[in-house]
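Quick notes on the structure that follows.
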Amino acid sequence: MELAILFSGGKDSSLALNRAYDSGHTIKCLLSMKSKNPDSWMFHTPNIDFIEKQAESMHISLIMHETEGNKEDELEDLKQLIKRAKEEYNIHGIVTGAIHSVYQASRIQRICHELRLFCFNPLWLADQESILKELLEKNYKVIITKIAGMGLDRTWLGRVIDDSFITDIKKIKQKYKINVAGEGGEMESFVLNSPLFNYTLEIEDVAIIENQDNCIYDIKKLKRTEK
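Using the working numbering, read the sequence shown as starting at -13 and increasing by one per residue.
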């Protein structure tokens, strides 16, 4: 089936893309929303401008659409983006990286129903620790780019998801009851390498932004490195 991926540049949408590809589907394009609201309920915001670099590494077309990020208006903006993908790429369905968020999944499913498209959620209700382990098994390189959860401080920014990360985040979960994959908004991520990348991305410059409720690993410059 010819599909489009709702793509944030983070681990969940990247892994959903990987699973769809491995299942034999044709990935026609990536769809990304650039929200002006840093606290968007629907969309990942840190380092969104560097999604283009990820798309280039995978040789997949990218359509990006801006939204003001108002809670319900952004859904109409998303609908227009998906509608454009259907018209330009003749897609038959949408893939999301939703795991447990009924808020996100139900709204995307409603849009797909209105546009007569299938909606696939390859990670739905998956064990979150198993998702992290799958990233390691498939040789992903993923870094943490935003933290906003109890027990997480700026030392987590820029950390690569590896065995020690999984051990440490499980300890935080035991104490603060967070979601180890960040599904509750505790953290966000950025993929520097995946099985579908033709070359690896490497960070050359970055800044740390500390806000009252969160900290962000703000990438300033990336370069490509051959695998």
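Every residue, glycine too, gets a C-beta built ideally from N, C-alpha and C.
Who pairs with residue i in a beta bridge, going by DSSP?
i      : result
C201   : I133 and E196
E(-12) : T12
C105   : I80
M50    : S18
K127   : N179
V146   : I129
T186   : T211
Give the DSSP-derived three-state secondary structure of residue i in the structure shown.
i     : result
I85   : coil
T12   : strand
M173  : strand
M19   : strand
I94   : helix
D59   : helix
L118  : helix
E212  : coil
T153  : helix
D191  : strand
K207  : strand
K163  : coil
H45   : coil
F(-7) : coil
Apply the 10 Å Cβ neighbour rule to residue i and answer buried if 16 or more other Cβ atoms are within range, or exposed otherwise.
i     : result
V177  : buried
S150  : exposed
P24   : exposed
N184  : exposed
A193  : exposed
Y89   : exposed
M136  : exposed
D(-2) : buried
Y203  : buried
L64   : buried
N4    : buried
G(-4) : buried
R93   : buried
S9    : exposed
K72   : buried
T225  : Residue coverage of the chain in this structure runs from -13 to 213, which leaves residue 225 outside it and unanswerable.
Looking only at its chain, what residues have a beta carbon closer than 6 angstroms to the beta carbon of residue i, apart from the 5 residues adjacent to it on each side?
i    : result
G55  : S21, K22, N23 and S26
S180 : S0 and Y126
E214 : Past the edges of the chain, shown from -13 to 213, lies residue 214, and the structure says nothing about it.
E60  : M28 and T53
A41  : L16 and L48
Y75  : K14 and C15
Which whole-angstrom value is the C-beta distance of residue i and residue j, which I expect to be below 8 angstroms?
i    : j      : result
Q18  : F36    : Note that residue 18 is Ser in the sequence shown here, rather than Gln. Rounded, the Cβ-Cβ distance is 11 angstroms, inconsistent with contact.
I13  : A6     : 7 angstroms
E174 : H30    : 6 angstroms
C98  : I80    : 5 angstroms
V146 : E115   : 17 angstroms between Cβ atoms; not a contact.
N33  : T131   : 6 angstroms
L103 : I77    : 7 angstroms
H11  : M(-13) : 5 angstroms
G144 : I129   : 6 angstroms
Among the residues of its own chain, which have a CB less than 8 angstroms from the CB of residue i, if the five just before and after it don't count?
i    : result
G171 : A134 and G135
E111 : Note that residue 111 is Leu in the sequence shown here, rather than Glu. Contacts found: I85 and H86.
Y214 : In the structure as shown, the chain begins at -13 and stops at 213. Residue 214 is therefore absent and cannot be evaluated.
With a CB to CB cut of under 7 angstroms and the five nearest residues on each side skipped, what residues in its chain are close to residue i?
i    : result
K39  : L187 and L208
I196 : One detail in the question is off: residue 196 reads as Glu in this sequence, not Ile. R140, listed in sequence order.
K206 : D191, V192 and A193
K159 : V166
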